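Each protein sequence line maps, in turn, to chains F and Y.
Take the first sequence: its position 78, counting from 1, is numbered 78 in my numbering, and each next residue is one higher.
Take the second sequence: its position 51, counting from 1, is numbered 470 in my numbering, and each next residue is one higher.
Just so you know, even glycine gets a beta-carbon here, dropped at the ideal spot from N, CA and C.
Computed from a predicted model, the values in this text were never measured in an experiment.
For reference, the structure discussed in these notes is given below.
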Amino acid sequence: MNAPVLNQTGKISASFDAEKARGDFEILSRTVYGKPLVYLDSGASAQKPRVVLDAMRDFAQSEYANVHRGVHFLSAAATDRYEAARRTVQKFLNAAREDEIVFTKGGTEAINLVSYSYLAPLIQPGDEIVLTVMEHHSNIVPWHFLRERQGAVLRWVDVRDDGSLDIEALDAAINAKTKLVAVTHMSNVLGTITPLKDIVARAHAKGVPVLADGCQGAVHEPVDVQALDIDFYAITGHKLYGPTGIGALYAKRAHLKAMRPFNGGGEMIREVMKDRITYADAPARFEAGTPPIIETVGLATALDYLSAFDRKAVAAHEYDLLAYAREQVKQFNWLRVIGDAPGKGAILSFEAEGMHAHDLATILDREGVAVRAGHHCAQVLMERFGVASTSRASFALYNTRADVDALIAGLSKARGILT
Amino acid sequence: MTDNALRELYQEVILDHSRHPRHYGALEGASHKAEGYNPLCGDRVTVYLKLGEDNRVADIKFEGKGCAISQASASMMTDMLKGRTAAEAERLMQGFLHLVKGEDASDLPEDDRERLEVMGGISEFPMRVKCATLAWHTYRNAVEEGAT
Numbered sequence: 001m002n003a004p005v006l007n008q009t010g011k012i013s014a015s016f017d018a019e020k021a022r023g024d025f026e027i028l029s030r031t032v033y034g035k036p037l038v039y040l041d042s043g044a045s046a047q048k049p050r051v052v053l054d055a056m057r058d059f060a061q062s063e064y065a066n067v068h069r070g071v072h073f074l075s076a077a078a079t080d081r082y083e084a085a086r087r088t089v090q091k092f093l094n095a096a097r098e099d100e101i102v103f104t105k106g107g108t109e110a111i112n113l114v115s116y117s118y119l120a121p122l123i124q125p126g127d128e129i130v131l132t133v134m135e136h137h138s139n140i141v142p143w144h145f146l147r148e149r150q151g152a153v154l155r156w157v158d159v160r161d162d163g164s165l166d167i168e169a170l171d172a173a174i175n176a177k178t179k180l181v182a183v184t185h186m187s188n189v190l191g192t193i194t195p196l197k198d199i200v201a202r203a204h205a206k207g208v209p210v211l212a213d214g215c216q217g218a219v220h221e222p223v224d225v226q227a228l229d230i231d232f233y234a235i236t237g238h239k240l241y242g243p244t245g246i247g248a249l250y251a252k253r254a255h256l257k258a259m260r261p262f263n264g265g266g267e268m269i270r271e272v273m274k275d276r277i278t279y280a281d282a283p284a285r286f287e288a289g290t291p292p293i294i295e296t297v298g299l300a301t302a303l304d305y306l307s308a309f310d311r312k313a314v315a316a317h318e319y320d321l322l323a324y325a326r327e328q329v330k331q332f333n334w335l336r337v338i339g340d341a342p343g344k345g346a347i348l349s350f351e352a353e354g355m356h357a358h359d360l361a362t363i364l365d366r367e368g369v370a371v372r373a374g375h376h377c378a379q380v381l382m383e384r385f386g387v388a389s390t391s392r393a394s395f396a397l398y399n400t401r402a403d404v405d406a407l408i409a410g411l412s413k414a415r416g417i418l419t
Numbered sequence: 420m421t422d423n424a425l426r427e428l429y430q431e432v433i434l435d436h437s438r439h440p441r442h443y444g445a446l447e448g449a450s451h452k453a454e455g456y457n458p459l460c461g462d463r464v465t466v467y468l469k470l471g472e473d474n475r476v477a478d479i480k481f482e483g484k485g486c487a488i489s490q491a492s493a494s495m496m497t498d499m500l501k502g503r504t505a506a507e508a509e510r511l512m513q514g515f516l517h518l519v520k521g522e523d524a525s526d527l528p529e530d531d532r533e534r535l536e537v538m539g540g541i542s543e544f545p546m547r548v549k550c551a552t553l554a555w556h557t558y559r560n561a562v563e564e565g566a567t
């Protein structure tokens with residue numbers, strides 16, 4: 001059944017069968033340069049299971065029309081699917097209400113929405129935004145806008161040398177001028193998972209709301225926004241085994257009610273006159289224009305697909321791959337792992353002495369091994385660790401120890417060619 | 420086949436240039452200077468020039484950090500540009516750009532082509548062509564806009 005994997009590891013939970021899951025992803029059976037594809041770049045974008053692609057095509061072929069503004073049969077059917085997808089996201093994040101879920105084109109737009117619609121109107125010169133040095137640019141640049149345009153001050157919280165977050169340092173950074181804490185749930189470079197519940201509790205104790213960038217975190221562990229009591233949580237579909245072009249923002253109802261509109265256009269209004277305008281309630285207020293309807297159906301299918309697994313078992317599987325890879329790379333005294341925080345997620349970033357990440361990635365690529373090389377949209381973090389770039393292998397539910405073995409063999413080969 | 424392409428790309432001449440770059444460092448009294456940066460890879464190259472009559476490259480040096488391809492290309496470029504006029508350098512650059520894109524580079528003088536051919540392997544790696552051309556574009560920026 002799942003013998004090949006179990007024989008090698010002896011540890012994988014019987015309730016998750018990675019070999020079987022692999023079969024759901026057609027692309028994983030292709031070759032590149034005549035070698036089997038070893039896809040270790042899911043942190044950038046995950047592959048899509050057959051059910052997601054089928055659901056999108058089936059919907060487009062049988063129920064597709066524009067949403068919300070038609071009285072005809074198909075428009076009603078499409079609207080039902082669109083709103084059902086919202087409830088799927090609500091359930092996935094355990095939000096209290098479906099109207100706390102705003103569809104966006106991805107995590108980036110979700111965070112920009114909070115920056116523009118929630119925070120910008122509140123910022124006075126000198127007000128502070130607390131963020132960590134391990135944020136992705138999508139959780140940095142929207143706040144830089146407020147620094148440039150409105151005089152906000154960005155207060156950076158460092159990470160420890162092992163990549164873990166110093167919660168006391170974060171707490172100390174929150175003061176009477178702080179208007180928001182914006183923090184990743186899981187670093188896309190270090191794999192560090194942040195203690196969101198503790199962060200929220202400490203920020204709320206000082207009356208400060210918290211936004212989490214959940215683009216990586218939501219993939220690797222279940223999220224309960226009510227238990228976290230978090231104010232904003234951003235996700236993106238394409239890292240969750242769903243399509244590109246769709247993501248979502250969870251925001252507490254009270255915040256959404258106070259937020260000014262973002263994009264203007266169809267769907268987001270109540271009444272438009274020559275000299276006055278009123279807006280629809282959230283979430284429609286923040287969903288101007290025709291949304292990515294087919295992608296929304298794909299996202300809901302992807303979330304259902306993921307939720308059908310025992311997610312603890314999936315996380316254990318991914319952690320096993322990380323631990324195995326971590327152990328294997330110890331044989332390379334020329335390789336430095338960046339990010340070793342306790343309980344981190346399944347991302348392995350490293351620097352190789354005498355080998356630039358791009359040269360390494362080119363050689364691995366010819367072995368069929370897809371890794372990411374560069375600054376990973378985290379230049380502040382690169383600076384923190386004194387590197388220009390790193391190589392990164394990121395593990396998903398469909399990876400196996402055989403993928404790690406291919407990575408290790410590729411690293412040995414690259415060493416031989418480049419040094 | 421695959422391995423041949425890799426060996427071709429990372430041949431000894433290129434690795435040697437990347438490990439022991441020629442004309443490396445800042446150039447005292449440079450008349451022109453430009454910085455090149457590839458945000459995708461983080462490759463950085465600064466080209467320093469002393470230009471004489473006809474924008475002849477009287478002296479050239481570079482500094483930089485990045486992948487083996489970008490640094491080797493910069494090193495080889497400094498070797499080849501020294502002593503050339505701007506017109507000669509431009510012709511060399513065009514020939515080089517053709518070469519790394521796998522296009523016809525037969526308009527290059529034969530001895531130039533022979534020297535540059537070690538970079539020809541990059542044409543098999545379209546994602547890396549920008550690494551190879553960074554130094555050359557930076558040289559051109561220095562000539563055109565980099566008067567100090």
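Glutamate 563/Y (DSSP reduced to helix, strand or coil): Mapped onto the second sequence, residue 563/Y falls at position 144. Helix at glutamate 563/Y.
CB contact flag (histidine 188/F, histidine 136/F, <9 angstroms): Numbered from 1 along the first sequence, position 188 holds the residue referred to as residue 188/F. Numbered from 1 along the first sequence, position 136 holds the residue referred to as residue 136/F. A small correction: the amino acid at residue 188/F is asparagine; histidine does not occupy that position in the sequence shown. One thing to note: asparagine 188/F has its Cβ within 9 angstroms of the Cβ of histidine 136/F.
Cβ of glycine 485/Y within 9 angstroms of any chain F Cβ: Your numbering for residue 485/Y matches position 66 in the second sequence. Glycine 485/Y counts as touching chain F.
Residues near alanine 288/F in its chain [Cβ-Cβ closer than 8 angstroms; skip 5 each side]: Within the first sequence, numbered from 1, the residue matching residue 288/F stands at position 288. Excluding sequence neighbours, alanine 288/F sits near Pro261, Phe262, Asn263, Gly264, Gly265, Gly266, Glu267 and Met268.
Three CB pairs or more closer than 8 angstroms across the segment 376 to 393 of chain F and the segment 492 to 504 of chain Y: Contact between the segment 376 to 393 of chain F and the segment 492 to 504 of chain Y is absent, because fewer than three Cβ pairs lie under 8 angstroms.
Other residues of its chain near valine 5/F: CB distance less than 8 angstroms, five sequence neighbours each side excluded: For the purposes of this step, residue 5/F is identified with residue 5 of the first sequence, where counting begins at 1. Caution applies to valine 5/F, whose pLDDT of 40 falls short of 50 and renders its modelled position unreliable; the model cannot decide the point.
Contact the segment 47 to 64 of chain F vs the segment 235 to 252 of chain F: 3+ CB pairs below 8 angstroms: Yes, the segment 47 to 64 of chain F is in contact with the segment 235 to 252 of chain F.
is_contact[threonine 400/F, chain Y] using C-beta, thresh 9 angstroms: Your numbering for residue 400/F matches position 400 in the first sequence. Taking Cβ atoms only, chain Y never reaches closer than 9 angstroms to threonine 400/F, which makes this a no.
For proline 195/F and alanine 323/F, the rounded distance between their alpha carbons: In the first sequence, residue 323/F corresponds to position 323, counting from 1. In the first sequence, residue 195/F corresponds to position 195, counting from 1. For the pair alanine 323/F and proline 195/F, the Cα-to-Cα distance works out to about 21 angstroms.
Between the CA atoms of glutamate 98/F and alanine 84/F - distance to the nearest angstrom: Position 84 of the first sequence, counted from the start, is the residue given in the question as residue 84/F. Position 98 of the first sequence, counted from the start, is the residue given in the question as residue 98/F. Alanine 84/F and glutamate 98/F have their C-alpha atoms spaced approximately 9 angstroms apart.
Beta bridge counterpart(s) of valine 153/F as assigned by DSSP: Start at 1 with the first residue of the first sequence, and residue 153/F comes out as number 153. According to DSSP, which records beta bridges pairwise, valine 153/F is partnered with Glu128/F.
Proximal chain F residues relative to leucine 459/Y, where beta-carbon distance stays under 7 angstroms: Counting from one through the second sequence, the residue named residue 459/Y turns up at place 40. For a Cβ distance threshold of 7 angstroms, residue set Gly374 of chain F lies close to leucine 459/Y, ordered along the chain.
Through-space distance from valine 114/F to alanine 258/F, alpha-carbon basis: Within the first sequence, the letter at position 258 stands for residue 258/F. Within the first sequence, the letter at position 114 stands for residue 114/F. Each residue's CA atom was taken as its position, placing alanine 258/F and valine 114/F some 11 angstroms apart.
Residues that phenylalanine 544/Y contacts on chain F, provided the C-beta gap is smaller than 7 angstroms: Here the question's residue 544/Y lines up with position 125 in the second sequence. Simply Thr362.
Close beta carbons around valine 337/F, own chain, < 6 angstroms, minus the five adjacent residues each side: Against the first sequence, residue 337/F aligns to sequence position 337. Within the same chain, valine 337/F has close Cβ partners Phe350.
Expected contact under 8 angstroms - CB spacing of alanine 173/F and valine 157/F to nearest Å: The sequence position of residue 173/F within the first sequence is 173, counting from 1. The sequence position of residue 157/F within the first sequence is 157, counting from 1. Their Cβ separation, rounded to whole angstroms, is 5 angstroms, which keeps alanine 173/F and valine 157/F in contact under 8 angstroms.
Cβ pair leucine 418/F, valine 314/F closer than 9 angstroms: Here the question's residue 418/F lines up with position 418 in the first sequence. Here the question's residue 314/F lines up with position 314 in the first sequence. Contact flag unset, no.
Cβ neighbours of leucine 335/F in the same chain (closer than 6 angstroms, five flanking residues each side left out): The residue given as residue 335/F occupies position 335 in the first sequence. Around leucine 335/F: Val329, Phe350 and Ala352.
Rounded C-alpha distance that separates glutamine 226/F from aspartate 213/F: As a working mapping, residue 226/F is identified with position 226 in the first sequence. As a working mapping, residue 213/F is identified with position 213 in the first sequence. For glutamine 226/F and aspartate 213/F, the distance between alpha carbons rounds to 16 angstroms.
Cβ neighbours of leucine 74/F in the same chain (closer than 8 angstroms, five flanking residues each side left out): Position 74 of the first sequence, counting from 1, holds the residue named residue 74/F. Around leucine 74/F: Glu63, Tyr64 and Ala65.
Three-state secondary structure assigned by DSSP to serine 117/F: Indexing the first sequence from 1 puts residue 117/F at position 117. Reduced to three states, the DSSP call for serine 117/F is helix.
Supposed contact pair alanine 282/F and aspartate 162/F - C-beta distance, whole angstroms, cut 8 angstroms: Along the first sequence, one-based indexing puts residue 162/F at 162. Along the first sequence, one-based indexing puts residue 282/F at 282. Their Cβ separation, rounded to whole angstroms, is 40 angstroms, which puts aspartate 162/F and alanine 282/F out of contact at 8 angstroms.
Among Tyr118/F, Ala76/F, Ala78/F and Glu100/F, the one whose alpha carbon lies nearest that of arginine 87/F: Within the first sequence, residue 87/F is the residue found at index 87, counting from 1. With distances taken between Cα atoms, arginine 87/F lies closest to Glu100/F.
Beta-carbon gap between valine 181/F and proline 209/F smaller than 9 angstroms: Counting from 1 along the first sequence, the entry for residue 181/F is found at position 181. Counting from 1 along the first sequence, the entry for residue 209/F is found at position 209. Proline 209/F is positioned such that its CB atom lies closer than 9 angstroms to that of valine 181/F.
Cα-Cα separation between leucine 446/Y and glutamate 507/Y, rounded to whole angstroms: Here residue 446/Y corresponds to residue number 27 of the second sequence, with the count starting at 1. Here residue 507/Y corresponds to residue number 88 of the second sequence, with the count starting at 1. Roughly 22 angstroms separates the two Cα atoms.
Closer than 9 angstroms to chain F by CB, alanine 379/Y: The first residue shown for chain Y is 420 and the last is 567, placing residue 379/Y beyond what the model contains.
Assigned secondary structure, threonine 9/F (DSSP; H/G/I helix, E/B strand, else coil): Within the first sequence, residue 9/F is the residue found at index 9, counting from 1. Interpretation of threonine 9/F is limited by its pLDDT of 47, a score under 50 that renders its predicted location unreliable; no figure is taken from the coordinates.
7 angstroms CB neighbourhood of alanine 248/F in its chain, flanking five on each side removed: On the first sequence, residue 248/F is found 248 positions in, with the first residue counted as 1. Excluding sequence neighbours, alanine 248/F sits near Val89, Ile101, Val102, Phe103, Thr104, Ala110 and Ile235.
Endpoints, beta strand (DSSP E) assigned at tyrosine 443/Y: Taking the second sequence and counting its residues from 1, one reaches residue 443/Y at position 24. DSSP places tyrosine 443/Y in no beta strand (DSSP E); its state is neither H nor E.
Contact belief for proline 440/Y with glutamine 490/Y at Cβ below 8 angstroms, rounded distance in angstroms: What you label residue 440/Y is simply residue 21 of the second sequence in a count that begins at 1. What you label residue 490/Y is simply residue 71 of the second sequence in a count that begins at 1. The pair is a contact, with the Cβ atoms about 6 angstroms apart (cut-off 8 angstroms).
Beta-carbon proximity of alanine 357/F to arginine 463/Y, cut-off 9 angstroms: Here residue 357/F is taken as the residue at index 357 of the first sequence, counted from 1. Here residue 463/Y is taken as the residue at index 44 of the second sequence, counted from 1. For alanine 357/F and arginine 463/Y, no; Cβs fall outside 9 angstroms.
Valine 314/F in three-state terms, based on DSSP: Position 314 of the first sequence, counting from 1, holds the residue named residue 314/F. Reduced to three states, the DSSP call for valine 314/F is helix.
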